[in-house]
Amino acid sequence: MISLVRAELLKIRSTRMWLGMLALSVGFALFGLGVLIAFAGVKQRGETVIPPVSDPETVRGFYSVASGGVLFMMILGIIGITGEYRHQTITQAFLTTPRRGRLLAAKLVSYFGFGLAFGVLTVLAVVIVALPALAIKGGSTSLIDNDVPVVLGGTVLAMGLYALVGLGLGALIRNQIAAIIVAVVWVQLVEGIVSLALPKVGQWLPAGAVRAITQTSGGLGGPGDADTLPVWGGVLVLLTYGLAFAAIATVTTVRRDIT
Numbered sequence: 001m002i003s004l005v006r007a008e009l010l011k012i013r014s015t016r017m018w019l020g021m022l023a024l025s026v027g028f029a030l031f032g033l034g035v036l037i038a039f040a041g042v043k044q045r046g047e048t049v050i051p052p053v054s055d056p057e058t059v060r061g062f063y064s065v066a067s068g069g070v071l072f073m074m075i076l077g078i079i080g081i082t083g084e085y086r087h088q089t090i091t092q093a094f095l096t097t098p099r100r101g102r103l104l105a106a107k108l109v110s111y112f113g114f115g116l117a118f119g120v121l122t123v124l125a126v127v128i129v130a131l132p133a134l135a136i137k138g139g140s141t142s143l144i145d146n147d148v149p150v151v152l153g154g155t156v157l158a159m160g161l162y163a164l165v166g167l168g169l170g171a172l173i174r175n176q177i178a179a180i181i182v183a184v185v186w187v188q189l190v191e192g193i194v195s196l197a198l199p200k201v202g203q204w205l206p207a208g209a210v211r212a213i214t215q216t217s218g219g220l221g222g223p224g225d226a227d228t229l230p231v232w233g234g235v236l237v238l239l240t241y242g243l244a245f246a247a248i249a250t251v252t253t254v255r256r257d258i259t
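First residue of the sequence shown: 1, per the UniProt record's numbering; consecutive thereafter.
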């Protein structure tokens, strides 16, 4: 099993795709952070656009922008399984390891672990920029107050679980482009609309779980007014999605004819 996990990690590292996804994740997070830095405490027409950095939720928002990178980890998970079908390497892999369940388990473990590392790097980049920005604007620079550890740890966990969601979605759809389009539309459009129109429903979606874990009440990476679950509830919901899609990946791949 360990050798299979190592082989899967080598597959991930052998291409530059993970570097591209990491760059997009960090870039997306830093863009969101830049918006918060620019508009936190700024008033337009007598109203504050974003609460000042003295507001604990704004401080959490500075760090939770890293959670916006879950989409790119999800895409990496999609590519990880659909690429096997696209290049027909899945056939050779199953000939080498006839027990498909073991191979899929190794892939799930590898991508979950890689997702955690992906999350750590994204969070680290955000912290490096957020700390001096908060100091300049007069906000708290403590990494132990305002539930900051929950936000950072929750973001890392979300990255790992979204990798499993990506693997499951890719195994279900198999067409790489179609699966990526579905992922982008769902994360960037559908979940946002549902959360705004039906907040009670939105809190049970993956993005709602991320909001709960990162202690923000708006979209991925910013303060807002949508309903949220408690932290433990968000962890359970996102874990359920991750395990469900992991099961989908296992069942569809083990039972499907790959010839």
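No residue lacks a Cβ here, since even glycine has one placed at the ideal position from N, Cα and C.
Could you name the residues of the same chain whose beta carbon sits closer than 8 Å to that of residue i, not counting the 5 residues immediately before and after it, in chain order?
i: Leu-30; result: Val-65, Ala-125, Val-126 and Val-129
i: Leu-108; result: Leu-164, Leu-167, Ala-246, Ala-249 and Thr-250
i: Pro-149; result: Leu-143
i: Ala-7; result: Ala-106
i: Trp-18; result: Ile-12, Leu-76, Phe-114 and Phe-118
Using the rule of at least 16 other Cβ atoms within 10 Å of the residue's Cβ for burial, across every protein chain shown, is residue i buried or exposed?
i: Val-184; result: exposed
i: Val-165; result: buried
i: Phe-112; result: buried
i: Phe-245; result: buried
i: Arg-211; result: buried
i: Arg-16; result: exposed
i: Arg-13; result: exposed
i: Gly-139; result: buried
i: Glu-47; result: exposed
i: Gly-27; result: exposed
i: Ser-110; result: buried
i: Ile-79; result: buried
i: Val-237; result: buried
i: Gly-20; result: exposed
CB-CB under 6 Å to residue i, same chain, minus the five flanking residues each way: which ones, in chain order?
i: Tyr-162; result: Val-70, Met-73 and Met-74
i: Gly-221; result: Residue placement at Gly-221 is poorly supported in this model, since its pLDDT is 39, which falls under 50; the coordinates are not used for a value here.
i: Leu-229; result: Gln-203 and Ala-212
i: Leu-131; result: Thr-141
i: Ala-133; result: Ile-37
i: Gln-176; result: Thr-82 and Arg-86
i: residue 262; result: Shown here, the chain extends from 1 to 259; a query on residue 262 therefore has no answer.
Please return the same chain residues whose Cβ sits closer than 7 Å to the Cβ of residue i, not counting the five positions on each side in sequence.
i: Ala-135; result: Thr-141
i: Ile-180; result: Ile-75 and Ile-78
Under three-state DSSP, which class holds residue i?
i: residue 262; result: Residue 262 lies beyond the stretch modelled for the chain, which goes from 1 to 259, so this question has no answer here.
i: Gly-138; result: coil
i: Ser-25; result: helix
i: Arg-6; result: helix
i: Leu-205; result: coil
i: Arg-102; result: helix
i: Arg-86; result: helix
i: Arg-16; result: coil
i: Ile-128; result: helix
Going by DSSP, name the residue or residues bridged to residue i.
i: Gln-44; result: Glu-47
Tell me, to the nearest whole angstrom, how far the beta carbon of residue i is from that of residue j; I am working on the premise that it is less than 8 Å.
i: Gly-101; j: Gly-170; result: Rounded, the Cβ-Cβ distance is 17 Å, inconsistent with contact.
i: Val-123; j: Val-156; result: 6 Å
i: Phe-39; j: Val-49; result: 5 Å
i: Ala-158; j: Met-1; result: At roughly 26 Å, the Cβ-Cβ gap does not stay under 8 Å, so Ala-158 and Met-1 are not in contact.
i: Leu-152; j: Ile-81; result: Rounded, the Cβ-Cβ distance is 28 Å, inconsistent with contact.
i: Phe-114; j: Leu-196; result: About 32 Å; that fails the 8 Å criterion.
i: Arg-60; j: Asp-147; result: 6 Å
i: Leu-205; j: Glu-191; result: 5 Å
i: Leu-116; j: Gly-154; result: Their Cβ separation, rounded to whole angstroms, is 12 Å, which puts Leu-116 and Gly-154 out of contact at 8 Å.
Distance cutoff 7 Å, beta carbons only. Does residue i sit that close to anything in chain B?
i: Leu-19; result: No chain B appears in the structure shown, which is made up of a single protein chain.
Under 6 Å: does the beta carbon of residue i sit that close to some heavy atom of the ligand MN?
i: Gly-166; result: With respect to the ligand MN, the structure shown offers nothing to examine, as it has no ligands at all.
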